[in-house]
Amino acid sequence: MNTEQTFETKRMDHLGIVAGICHEIGLIEAINQAVGPCERKVSCGAAVQAMVLNCLGFTSRALYLMPQYMDNKPVDLLIAPGLVAEDFNDDTLGRSLDQLFESGVTEVFAQVAARALATYGIEHRFFHLDSSSFHLHGQYASEEANLEAVEITYGYSKDHRPDLKQVVLNLITAHRSQLPVWIEALSGNQSDKESFPATIRAFCRQLKDGGNAFFVVDSALYSAGNLKELEGIRWLTRVPETLTEAKRLVVESELNEMTELQDGYACLEVCSNYAGVPQRWLVVHSSAGAQREEKSLLRQVEKEEQAAQSAWRKLMAQTFNCQEDAEAALAETQKKWKYHQAEAAIVALTGYSRPGRPVAGDSPDLIGYKLEGRVVRSEQAILLARRALGRFILATNELDPDRLSAEAMLSQYKAQAVSVERGFRFLKDPLFFADSLFLKNPGRIMALIMVMVLALLIYSLAERKLRLQLAETGETVRNQVGKPTKTPTMRWIFQLFEGIDLLTVSQNGQVVSRQVLNLKQEHRNILRLLGPPVENCYVLRF
């Protein structure tokens, strides 16, 4: 009896890690539960998991190429049995995005995130909120406006692309991590000042213990109206330096009166009742920041001096009809100078009205006025600017320093850079999915943004789990230069898994064995630390 044996390899790489985390939090089940039943072969949850795999493949592959992307992947292992690459065509993905939008992207994401946090037992007291814009291409003219969809339009571009229309994403992450816990997709012209309070209140409504939550936000939150609106909610933010009282404090606060903190910081705590809201202000001085800003200040002074000298030469070349005109021109010019001033005198110009040699007894006529003098640096202005270098003010409505000390205020605010801001850097990576925002349907764009943040959630959960396990066991993995580390990025771990394949052996059309190839001890150690759901994607029981 003849037997025909065939061999087929599929690329696994790091996607087994992604799939394992998805399986562990029950991503497919959570999505399907949130959006409702589906009669299609590919459920909404399965389509979302496929898009997450695409996102975290870091290939910047457009959605309509999903079957091509999945063609050399073990789809049944990474997503669900019985599914093949051809099942994930653009019609399937489009319908799934529509289903997500109709169910409410914020609500669906909140359910998935809550399930993920519960699975890992993650609880946090501090949350970081910020926003960013995602630019899009196309006209986006909709004949039938959908009141639930965002408006894709021009607005303040944080990507410095005011020529492109955009949508805005409000993102809340857990403390000191890029772990997303709440999202809101907003119209492209939405202002942070207007949207932040609403986002915070919406997030608090679904928290089990909203009264214990603390929100860390940038200075866009700080306005009289917002502070009153957030009554009963605890916040920590930066005071805008445009406020008169803030300007005064950063200049007048004496360094020798400040309390030294770690890492070259010092602070002075004062009470404030801005907008009728009792709060604590913390004037912070950074010695490293002051040194950096000193160099910047000197560059600004030198640049202004060149411009001021040029403007002064042009001003001295002018003739004015009266002293008032000369004074007005001088005042108008000096308004543009921040660190310079003119030591000027107004000089009357005289001459004879008749041409030729003046005759005896002729007296000169007044023919105009001119400015004479020089431009000098305003040492007082430069001194005041120097006193403010490296200084900023934090504010909180937590009046009990035992619950939030001055040092904790600074630490929590600095964590903004390693939490929500890091999350946005991840989402805007050129290799990520952000370049796929060419969809013409605003609802689908909102759903796609949700999928992108789900990918960030999966990535962050994997990174957090591995780092915690390394810390608990005392083990290490090698970093990019071959040295041991306990805090690897998941991007590096993904690179370590390049070249992992799945070999399938079939006999007479029936699968007889499946084996993961190129799996080394280094990979096995990482898989063991990540746990059985991830390990099972590579160590097959066949």
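Count along the sequence shown starting at 1, add 488, and that's the number in my numbering.
Just so it is clear, CB atoms sit at the ideal spot from N, CA and C, and this is done for glycine as well.
On a predicted model such as this, the values are computed, not experimentally measured, just so you know.
Item	Value
Cβ pair count under 8 Å reaching 3, the region 759-773 against the region 733-743	yes
Ile855, buried or exposed, once every other Cβ within 10 Å from all chains shown has been counted against 16	exposed
Alpha-carbon to alpha-carbon, Val727 and Ala453	Residue numbering for the chain in the displayed model covers 489 to 1030; residue 453 lies beyond these limits and cannot be assessed.
Under the three-state DSSP convention, the category Val999 falls into	strand
Nearest-angstrom Cα separation, counted from Ile505 out to Ile946	10 Å
Assigned exposure category for Gln1009 - 16 Cβ within 10 Å defines buried	exposed
Cβ neighbour criterion (16 or more within 10 Å) applied to Thr838	exposed
Span separating the alpha-carbon of Leu585 from that of Leu544	18 Å
Counted within 10 angstroms of its Cβ, other Cβ atoms place Asn714 as buried (16 or more) or exposed	buried
Inter-stretch contact at 8 Å, needing at least 3 Cβ pairs: the region 615-622 / the region 526-541	no
Selected residue, minimal CA-CA separation from Leu503, among Ala701, Tyr557, Arg801 and Arg528	Tyr557
Any 3 or more C-beta pairs closer than 8 Å across the region 969-983 and the region 952-960	yes
Test item: CB-CB of Ser948 and Gly878 under 9 Å	no
Proximity test, Cβ basis, 9 Å: Arg955 and chain C	Annotation note: the requested chain C is absent from the structure, which comprises a single protein chain.
Ala659, enclosing beta strand (DSSP E) - first and last residue	The residue asked about is misnamed: residue 659 is Leu in this sequence, not Ala. Looking at the DSSP string, the run of the beta strand (DSSP E) that includes Leu659 is Lys653 to Ala662.
Cβ-Cβ separation, Tyr901 to Leu882 (assumed contact under 8 Å), whole Å	6 Å
Distance between beta carbons of Val906 and Asn659, contact taken as under 8 Å	The sequence shown places Leu at residue 659, not Asn. About 14 Å separates the two Cβ atoms, so there is no contact after all.
Residue environment, Arg862, which counts as buried when at least 16 other CB atoms sit within 10 Å	exposed
Cβ shell of Pro1105 (< 6 Å), same chain only, five flanking positions each side left out	Nothing can be reported for residue 1105: it is not among the residues displayed for the chain, which extend from 489 to 1030.
Of the listed residues Ala598, Gln822, Leu565 and Gly609, nearest to Gln694 (C-alpha basis)	Ala598
Sufficient close CB pairs (3 or more, under 8 Å) joining the region 903-917 to the region 786-801	no
Cβ-based burial, Val530 [other Cβ within 10 Å; buried from 16]	buried
Coil, strand or helix - His1011 by DSSP	helix
Reduced DSSP secondary structure (H/G/I, E/B, other) of Asp853	strand
Whether Val1004 touches Gln493 by CB criterion (9 Å)	no
As assigned by DSSP and simplified to three states, the class of Ile513	helix
Candidates Phe614, Val999, Gln666 and Leu1015, of which the one nearest Arg891 by Cα	Phe614
Simplified DSSP state of Trp825, which is helix, strand or coil	coil
Pick from Thr730, Glu886, Gln521 and Ala816 that is closest to Asn761, judged by C-alpha positions	Glu886
Residues near Ala903 by beta carbon distance below 8 Å, same chain, minus five either side	Phe614, His616, His663, Arg664 and Val704
Outcome for Pro685 when other beta-carbon atoms lying within 10 angstroms are tallied against a minimum of 16	buried
DSSP three-state assignment for Thr497, whether helix, strand or coil	strand
Contact set for Leu635: own chain, Cβ-Cβ below 6 Å, skip 5 residues either direction	Residue placement at Leu635 cannot be trusted, given a pLDDT of 49 that sits under 50; the coordinates are not used to answer.
Leu1031 classed as buried or exposed, judged by whether at least 16 other C-beta atoms fall within 10 angstroms	Within the shown structure, residues of the chain are numbered from 489 to 1030, placing residue 1031 beyond reach of any answer.
Residue range of the alpha helix (DSSP H) that includes Gln794	Ser775 to Met804
Contact under 9 Å by Cβ, Glu963 with Asn996	no
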